[in-house]
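Just so we're aligned, residue 4 is where the sequence shown starts under this note's numbering, counting upward by one. First comes the structure, then the notes that go with it.
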Amino acid sequence: MKQITRRDMLGRLGLAAGAAMAAGKGSAETPKKPNFVVIFCDDLGYGDLACYGNTQIRTPRLDAMAAEGVRFTDFYTAAPVCSPARAALLTGRYPVRSGVNRVFFPQSTEGLDPAEATLPKTLQSLGYATACIGKWHLGHLPEFLPDRHGFDYYFGIPYSNDMEVTKRGDPPLPLMRNGEIIEQPADQDTLTRRYTEEAAAFIRRSKDRPFFLYLPHTMPHIPLHCGDDFRDKSARGRYGDVIEEIDWSTGVLLDTLREEGLEENTLVLFTSDNGPWLSYGPDGGEAGPLREGKGTTFDGGMRVPGIFRWPGRLQPRVEPGFASTLDLYPTFAALAGGAPPEGRQLDGGDILPLLEGAQRPDREFFYFHGGALQAFRSGDWKFKRPFKGNIYGKPLEHGELLFNLREDPGETKNLAEAHPERTREMAARMRAFEASLGDVPPTKK
Numbered sequence: 004m005k006q007i008t009r010r011d012m013l014g015r016l017g018l019a020a021g022a023a024m025a026a027g028k029g030s031a032e033t034p035k036k037p038n039f040v041v042i043f044c045d046d047l048g049y050g051d052l053a054c055y056g057n058t059q060i061r062t063p064r065l066d067a068m069a070a071e072g073v074r075f076t077d078f079y080t081a082a083p084v085c086s087p088a089r090a091a092l093l094t095g096r097y098p099v100r101s102g103v104n105r106v107f108f109p110q111s112t113e114g115l116d117p118a119e120a121t122l123p124k125t126l127q128s129l130g131y132a133t134a135c136i137g138k139w140h141l142g143h144l145p146e147f148l149p150d151r152h153g154f155d156y157y158f159g160i161p162y163s164n165d166m167e168v169t170k171r172g173d174p175p176l177p178l179m180r181n182g183e184i185i186e187q188p189a190d191q192d193t194l195t196r197r198y199t200e201e202a203a204a205f206i207r208r209s210k211d212r213p214f215f216l217y218l219p220h221t222m223p224h225i226p227l228h229c230g231d232d233f234r235d236k237s238a239r240g241r242y243g244d245v246i247e248e249i250d251w252s253t254g255v256l257l258d259t260l261r262e263e264g265l266e267e268n269t270l271v272l273f274t275s276d277n278g279p280w281l282s283y284g285p286d287g288g289e290a291g292p293l294r295e296g297k298g299t300t301f302d303g304g305m306r307v308p309g310i311f312r313w314p315g316r317l318q319p320r321v322e323p324g325f326a327s328t329l330d331l332y333p334t335f336a337a338l339a340g341g342a343p344p345e346g347r348q349l350d351g352g353d354i355l356p357l358l359e360g361a362q363r364p365d366r367e368f369f370y371f372h373g374g375a376l377q378a379f380r381s382g383d384w385k386f387k388r389p390f391k392g393n394i395y396g397k398p399l400e401h402g403e404l405l406f407n408l409r410e411d412p413g414e415t416k417n418l419a420e421a422h423p424e425r426t427r428e429m430a431a432r433m434r435a436f437e438a439s440l441g442d443v444p445p446t447k448k
């Protein structure tokens, strides 16, 4: 992937501003900065939505959002587990660069470094109202909470909803508002509804200025919880109930944007932090045609739903081009009229041209897990290094693997022997990228 520079960013900004003025029929008035809403589910699988092929879970609002926007077939998160995926989204950098390579627990003494440049910090500096409503999971101590990373407002839980294990010494799950615990244990049956109410209220009170709403849902992470209106309603059992409530929640936010006259100036993204937790069987999600799930660097662990909606700006279509959560920081910053700070090595790029229908050249993407570089995608080709270990108690072992993801998205046909030169080239490119990282922070605990 070509690394974005400040010059590239400002050039793209100039083009975007010119297009916005043209759309405004030549008005000399400064275009209003767009709003951004990121809905980030927890452990939602690639195959969990009807618009991605699910036949048991009803997702009419998300299906409509996909029909009205850009639905990616190849959208990726930057890690197959919670905390690293969140760090990558907010920083635009592979998690190895920030040292957030593992999941944080209630006993963790570290978190995402407050000195990190983040998307909300940049947007805040550009006059945006910012809110994080939902699961944080980047450090629960005061120095690591959302207000230290560019968020004006926070409502949610500080880590995963299963982290209340008495034998481990976990406290009851806290629900927080702006650093203060307001409920303990949190009533998980009401979380999705309360997040939705908080998010809609934030939109309404911020409507007269640009805003960034980051809504990292607690669900469908285990244990599964939903409100009374959705319980025992889905053909997919409790898991389906939970997804159908998230679908309802998304609809409420889209309706709020329309009611407030904001939808044509708001870019909304719906996606997930990683793939489904397959070891929980019917209580976990589905990866659809993809291989494996959460905790692996097969595509089932890192390719996720990616639906962008911006009425009047994005033409509805299914997009086969590659994009990832790493791209949000540079893209949103450019649209907002700014750029990430100088001297920051971003791993994402500005995907506005792709969102607007331009063809993009083949891109590179590196799959990290636990701080280790495990796989590499270049265009349609994916190379995977040998691996031996356990994934949530399930043994997993393989040698070198090479797949053509366009022809074989399920990663079933190993082409390493049939294409030895490509295999060697991709293995060498991985080694070169590792060397280019230089000294990286130690893994935070």
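All C-beta atoms, glycine included, are put in the ideal place defined by N, C-alpha and C.
As the crow flies, the alpha-carbon of THR259 is around 8 Å from that of ARG207. Within the same chain, and ignoring the five residues on either side of GLY303 in sequence, the residues whose Cβ sits closer than 6 Å to its Cβ are GLY278, ALA290, LEU293, ARG294, GLU295 and GLY296. Taking the C-beta atoms as reference points, HIS228 is found nearer than 8 Å to ASP192. Between the beta-carbon of PRO223 and that of ASP45 there is about 7 Å, and that keeps the pair under the 8 Å contact cut. Its chain contains THR62 and ASP66 as the residues whose beta carbon lies nearer than 6 Å to that of ALA53, once the 5 sequence neighbours on both sides are disregarded; these appear in chain order.
Your pair ARG64 and THR253 checks out as a contact, with CB atoms roughly 5 Å apart and the cut at 8 Å. Apart from sequence neighbours up to five positions away, the residues of its chain that approach LEU440 with a beta-carbon distance below 8 Å are VAL99 and ARG100, ordered along the chain. For GLU183, no alpha helix (DSSP H) segment is defined; the enclosing uninterrupted segment is the beta strand (DSSP E) at 183-186. Distance from the CA of MET305 to the CA of PRO83, rounded to the nearest whole angstrom, comes to 5 Å.
As the crow flies, the alpha-carbon of PRO445 is around 40 Å from that of GLY56. When the five nearest sequence neighbours on each side are left out, the beta carbons in the same chain lying within less than 8 Å of the beta carbon of ALA88 are those of THR80, ALA81, ALA82, PRO98, ASP276, ASN277 and THR328, in order along the chain. If you keep only unbroken beta strand (DSSP E) runs of at least 3 residues inside the region 363-417, you get 367-372, 375-381, 384-387, 390-394, 397-401 and 404-407. Apart from the 5 residues on each side of it in sequence, ASP365 sits with its Cβ closer than 7 Å to the Cβ of SER381 and GLY382 in its chain, given in chain order. In chain order, GLY298 and THR299 place their CB closer than 7 Å to the CB of ILE394, counting only its own chain and leaving out the 5 sequence neighbours on each side.
The residue among ARG432, GLN59, ARG425 and LEU115 with its C-alpha nearest the C-alpha of SER86 is LEU115.
GLU345 sits in coil when the DSSP states are folded into three classes, being neither helix nor strand. In this structure ILE184 is not in contact with HIS220, their Cβ atoms being roughly 20 Å apart against a cut-off of 8 Å.
Judged by pairs of C-beta atoms under 8 Å, the region 123-136 touches the region 209-216, as three or more such pairs exist.
Taken atom to atom, the span from the alpha-carbon of PRO37 to that of PHE335 is near 9 Å. For the 8 Å CB-CB criterion, ILE225 and ASP165 form a contact. Residue range 214-219 is occupied by the beta strand (DSSP E) that includes PRO219.
Three or more beta-carbon pairs separated by less than 8 Å are not found between the region 172-179 and the region 230-245, which leaves the two stretches without contact. Of the residues PHE205, GLU367, THR195 and ARG427, the one whose Cα lies closest to the Cα of PHE233 is THR195. Here HIS401 is exposed. Its C-beta has fewer than 16 other C-beta atoms within 10 Å. ASP244 sits buried, since 16 or more C-beta atoms from the chains shown fall within 10 Å of its C-beta. Exposure of ARG261 is indicated by the presence of fewer than 16 other C-beta atoms within 10 angstroms of its C-beta. By DSSP's assignment, SER439 forms no beta bridge with any residue. Setting aside the 5 residues that flank it on each side, GLY230 is surrounded in the same chain by ASP192, THR193, THR195, ARG196 and GLU248, each with a C-beta closer than 8 Å to its C-beta; the list follows chain order. In the DSSP annotation of this structure, the continuous segment of the beta strand (DSSP E) that includes ARG320 starts and ends at 320-327. The beta carbons of ILE310 and ARG74 sit closer together than 8 Å. Inter-segment contact for the region 314-332 and the region 352-361 is present: three or more beta-carbon pairs are separated by less than 8 Å.
Under DSSP, LEU178 forms a beta bridge with GLU186.
According to the DSSP assignment, TYR156 belongs to no alpha helix (DSSP H) but to the beta strand (DSSP E) extending over 156-159. A distance below 6 Å between beta-carbons, with the five flanking residues on each side excluded, links HIS372 to the following residues of its chain, in chain order: PRO83 and THR300. Membership of ILE246 in the alpha helix (DSSP H) is indicated by the continuous run 240-262. Ranked by how close their Cα comes to the Cα of ASP330, the residues GLY315, VAL321 and LEU357 have LEU357 in first place.
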